[in-house]
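According to the numbering used here, the sequence shown holds residues 1 to 118 in order. Cβ atoms here follow ideal geometry from the backbone N, Cα and C, with glycine treated the same way. Fair warning: this is a prediction, and the values are worked out from it, not measured in the lab.
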Amino acid sequence: MDATVFSHCKFEQPRHGSLAFLPRKRAARHRGRCKSFPKDNASDAPHLTAFLAYKAGMTHVVRDLDRPGSKAHKKEIVEAVTVVEAPPMVVVGVVGYIETPRGMRALTSVWAEHLSDE
C-alpha cells in the first residue's frame, strides 16, 4: 500500500480485546452447559460430577499471608477474588451411561416419583 494514499490509517496496531472471548456474540442459550467431566472411577459410589454456577463478579479480600521466606510473610495482603453464584438445585432424575466404541452413550433415565415442596 502507498502511505500517501492512506495517510490516516494505522498499519500496526495492538489487539482490541482478548482472543479468549471469541466469538464475540450473544450467547445461544441462557443456561450454560457442562462440557467436560472428570475421569470416572468405577469403584466409587454414584456421585455428582458436575455443577452449574455463574460468575457474578469480582471483588477483593484482605488476608494474612502465610508463606515462609516471602517478604510479606505474616502480613496482610489484598487479593482479587471471583464471586460465583450457584442457583439452588433439585435432583429430579439420574441418567445411566454405557461405554461404546464411539464414546459414552445414555443407556437409561430414571425420574423421581415424589418431589418435596422445599
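Terminal residues of the beta strand (DSSP E) in which residue i lies
i	result
residue 59	54–64
residue 108	103–111
As assigned by DSSP and simplified to three states, the class of residue i
i	result
residue 27	coil
residue 20	helix
residue 49	coil
residue 42	coil
residue 12	coil
Paired residues, beta bridge with residue i - DSSP
i	result
residue 96	108
residue 80	60
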